[in-house]
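Enquirer:
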Amino acid sequence: MQSSQARYSKSFFFSILLHGMALFALIVSFDFNSAMPVLENSAKNTEIINARVVNTLPLPLKISPLPDKPLVTPAAVKPLLLQPAKEKSIAILNKKQKQQQNKIAEQLLSDIKKETNQRKKITKQKAIAAAFEKEMKQLSARSLQQQTQQEKKHLSGARVQEVRGEVNKYKALILQTISQNWLIPKTVDKSLRTELLIRVAPGGMILTVEILKSSGDDILDRSARTAVLKSSPLPVPSDPDAFEIFRQFVLKVKPENILNSSSWES
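Residue numbers (the working numbering): 30 to 295.
If you want it as C-alpha cells, here you go:
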C-alpha cells in the first residue's frame with residue numbers, strides 16, 4: 030500500500046510540473062503588442078478596431094535650469110551685524126572722552142579754588158601783619174607818652190636831675206651789654222636801623238622784645254633781637270623812680286653806632 034501511495038505522489042508531482050511548464054511557455058510566446066479583436070454585439074456591420082498597448086508610464090518632467098546667481102563676495106556683504114557693535118564702541122569712547130574732560134575741568138576748578146584760597150590767606154596774613162604793626166606803633170607812642178608823664182610826675186627839681194643822671198648811666202650800660210652780645214652778620218648793610226620795644230621786669234629780667242620797625246633786612250632784625258634777649262638780665266637802677274623809665278622803652282639799634290647815645294629813644 031505504501032508503494033502505491035509513492036507512485037501516486039510521483040505521478041501527481043509530474044502532472045503539476047508539466048502543467049506549469051506549459052503555462053510558462055504560453056506566457057512567453059504571447060505578444061502583448063499584437064492587435065486584439067474587439068467584438069461588438071450590434072446589428073450594424075462589425076468593425077474591427079486594432080488597438081495597441083501603449084506604455085502608460087508617465088513622461089519625465091522637463092526641469093528648467095535655474096538662472097545662475099552672481100557669487101556674493103565678502104566685500105559685498107554689508108556688516109549689518111557689526112554696525113551696532115561699532116556704534117556701541119563709539120558711544121563708549123565718547124563717554125570716556127567726556128569723563129576725561131570733566132575730570133580735567135574739575136581738577137582745573139580745584140586748582141583755581143586752591144590758588145584763590147591761598148591768595149585770600151596771604152591777603153589775610155598781610156592784613157593781620159599791618160594791623161599788628163599799626164597797633165605796635167600806637168603802643169609805642171602811648172608808651173613814650175606814659176614815660177614822659179611818669180617822669181614829670183615822679184621827678185621834680187633836684188630830684189629830676191639826680192634821676193636823669195641815673196637813667197643816662199644805665200642807658201649806657203644797657204647799650205654796652207647789648208653790643209657785646211650782638212653778632213652782626215658781615216653781609217648786612219651796617220647803616221640800617223632796627224627799632225625794638227623792650228619790656229623789663231624789676232631786677233632787669235627781659236619779658237618781651239618786639240620789632241617795632243624793621244630795617245628791611247630780616248637777618249639784621251633777628252640778630253638785633255637775639256642780642257637783646259641774650260643780654261637778660263639788663264643792668265637797671267634799683268631806684269624805683271629811675272626804674273620806671275626802663276620798665277618799657279624803645280631802643281633804636283644800628284650796627285655802625287650801637288654805642289651812640291642817639292640809639293636810645295626817650
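Virtual Cβ for every residue (Gly too), placed ideally from N, Cα, C. Note that the coordinates shown come from a computational prediction; the quantities given were computed from them, not determined experimentally.
Alpha carbon to alpha carbon, how far is A159 from M165?
Expert: 10 Å
Enquirer: Start and end of the alpha helix (DSSP H) containing T237?
Expert: Run containing T237: none in the alpha helix (DSSP H); it sits in the beta strand (DSSP E), 235-242.
Enquirer: Classify Q130 as buried or exposed, calling it buried when 16 or more other Cβ atoms lie within 10 Å of its own Cβ.
Expert: exposed
Enquirer: Does the stretch 143-157 come within contact of the stretch 233-247, defined as at least 3 CB pairs closer than 8 Å?
Expert: no
Enquirer: Measuring straight from C-alpha to C-alpha, what distance separates D140 and I203?
Expert: CA-CA distance, D140 to I203, rounds to 53 Å.
Enquirer: With a cut-off of 8 Å on the beta carbons, I'd call L212 and S252 a contact; round off their distance for me.
Expert: 6 Å
Enquirer: So, helix, strand or coil for L280, using DSSP?
Expert: strand
Enquirer: Touch check for the stretch 258-265 and the stretch 189-196: three-plus C-beta pairs under 8 Å?
Expert: no
Enquirer: Measuring CB to CB, does V282 end up less than 8 Å from L226?
Expert: no
Enquirer: On the CB-based measure, 16 or more other CB atoms within 10 Å of its CB, does Q174 come out buried or exposed?
Expert: exposed
Enquirer: Check the DSSP bridge columns for T223 and list the partner residues they point to.
Expert: V282
Enquirer: Short check: CB of D250 to CB of T216, under 8 Å?
Expert: no
Enquirer: Kindly give me the distance between the Cβ atoms of Q277 and S208, rounded to whole angstroms, as I take these residues to be in contact under 8 Å.
Expert: Actually they are not in contact, since the Cβ atoms of Q277 and S208 sit about 21 Å apart, beyond 8 Å.
Enquirer: Should K219 and P284 be called a contact, given that it needs their Cβ atoms to be closer than 8 Å?
Expert: Contact annotation: K219 and P284 have beta-carbon atoms nearer than 8 Å.
Enquirer: Suppose the cutoff is 7 Å on Cβ atoms and the five residues either side in sequence are ignored; what does the same chain contact list for T145 look like?
Expert: none
Enquirer: Taking a contact to mean a Cβ-Cβ separation below 8 Å, would you say D246 touches L221 in this structure?
Expert: yes
Enquirer: Three-state secondary structure (DSSP) at N197?
Expert: Under the three-state reduction of DSSP output, N197 falls in the helix class.
Enquirer: Hey, how far is the Cα of T206 from the Cα of K163?
Expert: 30 Å
Enquirer: When the Cα atoms are used, what is the spatial distance from A170 to Q176?
Expert: 10 Å
Enquirer: Could you say which of I274, P266, L280 lies nearest to R254 if we only look at CA atoms?
Expert: L280
Enquirer: Mind reading off the beta-carbon distance from E273 to Q178? Whole number of angstroms is fine, and I expect it under 8 Å.
Expert: About 10 Å; that fails the 8 Å criterion.
Enquirer: Given a threshold of 16 other Cβ atoms within 10 Å of its Cβ, counted over all protein chains shown, does A114 qualify as buried or as exposed?
Expert: Exposed, by the Cβ-count rule.
Enquirer: Taking the alpha helix (DSSP H) that D270 belongs to, which residues open and close that run?
Expert: 269-275
Enquirer: Measure the C-alpha to C-alpha separation of Q167 and F161 and round it to an integer number of angstroms.
Expert: Looking at the backbone, the Cα of Q167 and that of F161 are separated by about 10 Å.
Enquirer: Taking only the alpha-carbon atoms, compute the straight-line gap between E135 and S118 and give it to the nearest angstrom.
Expert: 26 Å
Enquirer: Exposed or buried, A51, counting other C-beta atoms within 10 Å across all chains shown (16 or more means buried)?
Expert: exposed
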